[in-house]
Amino acid sequence: DTAVSQTPKYLVTQMGNDKSIKCEQNLGHDTMYWYKQDSKKFLKIMFSYNNKELIINETVPNRFSPKSPDKAHLNLHINSLELGDSAVYFCASSQKGVTYEQYFGPGTRLTVT
Amino acid sequence: AQSVTQPDIHITVSEGASLELRCNYSYGATPYLFWYVQSPGQGLQLLLKYFSGDTLVQGIKGFEAEFKRSQSSFNLRKPSVHWSDAAEYFCAVGAFGNEKLTFGTGTRLTIIP
Chain A
1393 DTAVSQTPKY LVTQMGNDKS IKCEQNLGHD TMYWYKQDSK KFLKIMFSYN NKELIINETV
1453 PNRFSPKSPD KAHLNLHINS LELGDSAVYF CASSQKGVTY EQYFGPGTRL TVT
Chain B
913 AQSVTQPDIH ITVSEGASLE LRCNYSYGAT PYLFWYVQSP GQGLQLLLKY FSGDTLVQGI
973 KGFEAEFKRS QSSFNLRKPS VHWSDAAEYF CAVGAFGNEK LTFGTGTRLT IIP
């Protein structure tokens, strides 16, 4: 059974478009995250939600908006896509205050042309 | 602020040889330390973690790491590498009460026959 899943796995789109990436975890965790991995493999946290509440919000353009309908889902919507948004986006989850290790999804490779 | 340094960008090792990947961290309090592995096109998989107690921790796939507070290090080791160990390895630091993990820039491991 997949623990943390993301859809789609690949996303190719043009500049200016709006797109969404979805994430679901079946680990029973209460905290979820979005990371961006650039072409140099540098991994940077973008957002984190705990029980649907935003707890980490790094310096990310307003064009990125996370949404957590429930604690098992965290979606990422990106408006007006730019070339620099091309990256691999990873979703992760953990159990707050218990284990701290994070479990990652397979990633979504976003290519903006 | 917490930070992680992985001094080696790329390491090449012969199959069957021993391996040590270096990780140095900076954090004021007692850190939580992690090693993750990322195979090509995959998400990050947790290899091992250190929270407290025994400073030598065992992980999956035959890996181990040693926490040395005096050197602010958490180096990853394996006595004999296999071709399937070729991947990108990330060290990460967190702390009690802080859901944010800070990742190093990664070390790419190449295995030669």
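Here the protein sequences line up with chains A and B, keeping their order. Residue numbering for the first sequence follows our numbering, starting at 1393 and increasing by one per position. Residue numbering for the second sequence follows our numbering, starting at 913 and increasing by one per position. The C-beta atom is built at its ideal place from N, Cα and C for all residues, glycine as well. Just so you know, these numbers come straight off a predicted model, no measurement behind them.
Subject >> Proximal chain B residues relative to glutamine 1494/A, where beta-carbon distance stays under 7 Å >> reply: Within the first sequence, numbered from 1, the residue matching residue 1494/A stands at position 102. By Cβ distance, chain B contributes Leu1013.
Original post:
Is the shortest distance between the beta-carbon of glycine 1009/B and the beta-carbons of chain A less than 9 Å?
Top reply: Stepping through the second sequence from its first residue, residue 1009/B is reached at position 97. For glycine 1009/B, at least one C-beta of chain A is nearer than 9 Å to its own C-beta.
Original post:
When the Cβ atoms of the segment 1006-1022 of chain B are set against those of the segment 1497-1504 of chain A, are three or more pairs found closer than 8 Å?
Top reply: Judged by Cβ distances under 8 Å, the segment 1006-1022 of chain B makes no contact with the segment 1497-1504 of chain A, as fewer than three pairs qualify.
**OP:** Determine the chain A residues that contact glycine 955/B at a beta-carbon separation under 7 Å, and present them in chain order.
**Re:** Your numbering for residue 955/B matches position 43 in the second sequence. For glycine 955/B, the chain A residues whose C-beta falls within less than 7 Å of its own C-beta are Phe1482, Phe1496, Gly1497, Pro1498, Gly1499, listed in chain order.
Subject >> alanine 1464/A versus lysine 961/B - alpha carbon distance >> reply: On the first sequence, position 72 is the one that residue 1464/A refers to. On the second sequence, position 49 is the one that residue 961/B refers to. Distance between the alpha carbons of alanine 1464/A and lysine 961/B is about 24 Å.
Original post:
beta strand (DSSP E) containing proline 1458/A: first to last residue?
Top reply: Locating residue 1458/A in the first sequence gives position 66, counting from the first residue. Unbroken beta strand (DSSP E) run through proline 1458/A: 1456-1462.
Original post:
Are there 16 or more other CB atoms within 10 angstroms of the CB of asparagine 1471/A, so buried, or fewer, so exposed?
Top reply: Taking the first residue of the first sequence as position 1, residue 1471/A is located at position 79. It counts as exposed.
Subject >> Given leucine 968/B as reference, the closest of Gln957/B, Leu945/B, Gly955/B once Cα atoms are compared >> reply: As a position in the second sequence, residue 968/B is number 56, starting the count at 1. That would be Leu945/B, whose Cα lies nearest to the Cα of leucine 968/B.
**OP:** Taking only the alpha-carbon atoms, compute the straight-line gap between glycine 1489/A and proline 1025/B and give it to the nearest angstrom.
**Re:** Reading the first sequence from its first residue, position 97 is the one you call residue 1489/A. Reading the second sequence from its first residue, position 113 is the one you call residue 1025/B. Answer to the nearest angstrom: the Cα atoms are 44 Å apart.
Subject >> alanine 1484/A: CB within 8 Å of a non-hydrogen atom of the ligand HEM >> reply: The model on display carries no ligand, and the ligand HEM is accordingly not part of it.
**OP:** Count the C-beta pairs between the segment 922-938 of chain B and the segment 1431-1444 of chain A that are closer than 8 Å, then say yes if the count reaches three, no if not.
**Re:** At 8 Å Cβ cutoff, the stretches do not touch.
**OP:** Classify phenylalanine 1008/B as buried or exposed, calling it buried when 16 or more other Cβ atoms lie within 10 Å of its own Cβ.
**Re:** Position 96 of the second sequence, counted from the start, is the residue given in the question as residue 1008/B. It counts as exposed.
**OP:** Just grab the DSSP bridge partners of tryptophan 995/B for me.
**Re:** As a working mapping, residue 995/B is identified with position 83 in the second sequence. The partner list for tryptophan 995/B (beta bridge, DSSP) is empty, contrary to what the question assumes.
**OP:** Find the residues of chain B that neighbour threonine 1405/A, judging by a C-beta separation of less than 7 Å, and give them in chain order.
**Re:** For the purposes of this step, residue 1405/A is taken as residue 13 along the first sequence, with counting starting at 1. Neighbours of threonine 1405/A in chain B, taken as residues whose beta carbon is under 7 Å from its own, are absent, since the nearest beta carbon is some 20 Å off.
**OP:** Name, please, each residue of chain A whose Cβ falls closer than 8 Å to the Cβ of glycine 1006/B.
**Re:** On the second sequence, position 94 is the one that residue 1006/B refers to. Listed by position along chain A, the residues whose Cβ is nearer than 8 Å to that of glycine 1006/B are Tyr1492.
Subject >> Residue interval of the beta strand (DSSP E) (run including glutamate 978/B) >> reply: Counting from 1 along the second sequence, the entry for residue 978/B is found at position 66. Where glutamate 978/B is concerned, the enclosing beta strand (DSSP E) stretches over 976-980.
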